[in-house]
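Colleague:
Number of protein chains: 2
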Amino acid sequence: MNSSGSTKERILTAAEVLFAQRGFDGASLRQLTAAAGVNLAAVNYHFGSKEKLVEQVFRRRLDALNARRLSALAALADADDTTLENVLAAYIRPALDLSNDDSGSLFMRVLARAFAEHDDTLRQFLSENYGHVMRQFTAEFARLLPQLSKPELYWRIDLVTGALTHAMSGFGMIQRKSDVSELAHREQTEQHLIRFAVAGLSHP
Amino acid sequence: MNSSGSTKERILTAAEVLFAQRGFDGASLRQLTAAAGVNLAAVNYHFGSKEKLVEQVFRRRLDALNARRLSALAALADADDTTLENVLAAYIRPALDLSNDDSGSLFMRVLARAFAEHDDTLRQFLSENYGHVMRQFTAEFARLLPQLSKPELYWRIDLVTGALTHAMSGFGMIQRKSDVSELAHREQTEQHLIRFAVAGLSHP
DNA sequence: CGTATGCTCAAACGATCGTTTGAACTGCCC
DNA sequence: GGGCAGTTCAAACGATCGTTTGAGCATACG
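Line by line, the protein sequences give chains A and B. Numbered per the working numbering, the first sequence spans residues 1 to 204. Numbered per the working numbering, the second sequence spans residues 205 to 408.
1. Three-state secondary structure (DSSP) at N243/B?
2. Taking only three categories from DSSP, how would you classify F228/B?
3. Find the residues of chain B that neighbour H166/A, judging by a C-beta separation of less than 9 Å, and give them in chain order.
4. So what does DSSP say about S331/B, is it helix, strand or coil?
5. Could one say the Cβ of A403/B lies closer than 8 Å to chain A's Cβ atoms, at least one of them?
6. Could you confirm whether any beta carbon from chain B is found closer than 8 Å to the beta carbon of R195/A?
7. Any beta-carbon of chain B closer than 8 Å to the one on A75/A?
8. Can you tell me where the alpha helix (DSSP H) holding G200/A begins and where it ends?
9. Considering S71/A, what are the terminal residues of the alpha helix (DSSP H) in which it resides?
10. Please name the residue in E289/B, V261/B, D229/B and P408/B whose C-alpha comes closest to that of T217/B.
11. Are L244/B and L233/B close, meaning C-beta to C-beta below 8 Å?
12. Between M168/A and F19/A, what straight-line distance do the alpha-carbon atoms span, to the nearest angstrom?
13. Could you tell me the boundaries of the alpha helix (DSSP H) in which G366/B lies?
14. Please check if any C-beta of chain B sits within less than 8 Å of the C-beta of F112/A.
15. With a threshold of 8 Å between beta carbons, is G252/B in contact with chain A?
16. Where do the ends of the alpha helix (DSSP H) carrying L145/A lie?
17. Along the alpha helix (DSSP H) that carries L310/B, what are the first and last residues, could you check?
18. Compare the C-beta of G23/A with all C-beta atoms of chain B and state if any pair is closer than 8 Å.
19. Against chain A, which members of the region 384-396 of chain B pass a CB distance test of less than 7 Å?
20. According to DSSP, is T211/B helix, strand or coil?
21. Applying the 10 Å Cβ sphere with the 16-neighbour rule, what's the burial state of R69/A?
22. May I ask you to list, following chain order, the residues of the region 325-341 of chain B that have a beta carbon less than 7 Å from some beta carbon of chain A?
23. Using a Cβ-Cβ cut-off of 6 Å (strictly less than) and excluding sequence neighbours within five positions of A316/B, which residues of its own chain qualify?
24. Classify D179/A as helix, strand or coil using the three-state DSSP reduction.
25. Cβ of G37/A less than 8 Å from any chain B Cβ?
26. In chain order, what residues of the same chain have a beta carbon less than 6 Å from the beta carbon of P298/B, not counting five sequence neighbours either side?
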């Protein structure tokens, strides 16, 4: 049982863990509130419903994640340094940083689950609130890869997104070896993802 | 309500549709048996439990899918024609063919859901029954890409798997245009996936 | 001190879940 | 026709779900 922070924060943190482990439907409010060390009724009191709790779990992480992505992208434009590698890094690095945060590490899995569940309500929420981020990065890719037709570019971005979502949510078999530091592993991971994405986006 | 085939077949087909739409937990036996036009108790009578029904849904499709993948790979070896493109086609084409089958088209989504759900029971079942297929293809990739270290190769296969799973389960935004035939669209898709995978696997 | 406000609590609500039961129905062999 | 194995059926079981309720507790303000 978690016992630090406010009731709301404890619920959000416990929800993130349990949603990642068992899914949105699979994690019950009784398990969740027990893990958070709060009363069952606290969820409906503070969030209104389970569905609104799910939204808040996304908001807490995605607001920070996408703000960092956009500011990293803006920093590249300011420095006149918008190479394909750098734009990809602006997209990938904030997500990998999140994986370092002990409680945030599970969030990418929650996100991947949301994609897999095809829940229209959730997809619409994500599209409405964070679609502009993807649109901004897509525009940058289009500028950097002018030789690609629109459909061709969308195809490649779609495939790269699939690969990154898969990898960052920890589906794969790649695990950190004990003789590699956490920092070194993250930088290795970042380099793998970026080089793969560059190849996938810009191949002839 | 479906009304063709035996009770078992009707249940399996309805289950595939509903599992793809609502997930394994989200689809109830009552919805499922109503859609199949059979009695609620028929699932437990014919399959023993809901969990065993899930296994059978996978078995029915994966047995055929992986047999076709392996025979396509064997055909390449016989013809002495094991290029990277051809090996990837042997893996991808049977899955895309499945997407054409009206009732099979949802199965790749079911498979992607299974990945996302991180269910240990299901993952173990898939690994035990179909792990040898992935191992055989991995060995072929290792032979065709001798310049890559083992970890490097695994990284790339992992990322390619993510991209293909994502794309083939229809997560992406790519839809067939009305002025493109179904056959032409599938061949375009296949070419996109193969060229992307070749780039991701063999980039310098 | 009194009371208003924000929060927590145990308990209960109705709904829905997977599963089980025992009777009814089917087609086939003796 | 009588009996039998295979299958279908409506009904019920206990468990668990999200949500609601109303009493109780805390803290701050007049």
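Here a beta-carbon is modelled for each residue, glycine too, at the ideal position from N, C-alpha and C. Owing to the predicted nature of the structure, the values given are computational and were not obtained by experimental measurement.
Modeller: Quick answer:
1. coil
2. coil
3. F319, D362, L363, T365, G366, A367, T369 and H370
4. helix
5. yes
6. yes
7. no
8. E182 to S202
9. K50 to D78
10. V261/B
11. yes
12. 16 Å
13. K354 to M372
14. Contrary to the premise, residue 112/A reads as Ala rather than Phe in this sequence. Closer than 8 Å to some Cβ of chain B, the Cβ of A112/A qualifies, so yes.
15. no
16. Per DSSP, L145/A belongs to no alpha helix (DSSP H) and is neither H nor E.
17. Taken as a continuous stretch (DSSP letters only), L310/B belongs to no alpha helix (DSSP H), as it is neither H nor E.
18. yes
19. H396
20. helix
21. buried
22. none
23. T369 and S373
24. coil
25. no
26. L269, R272 and R273
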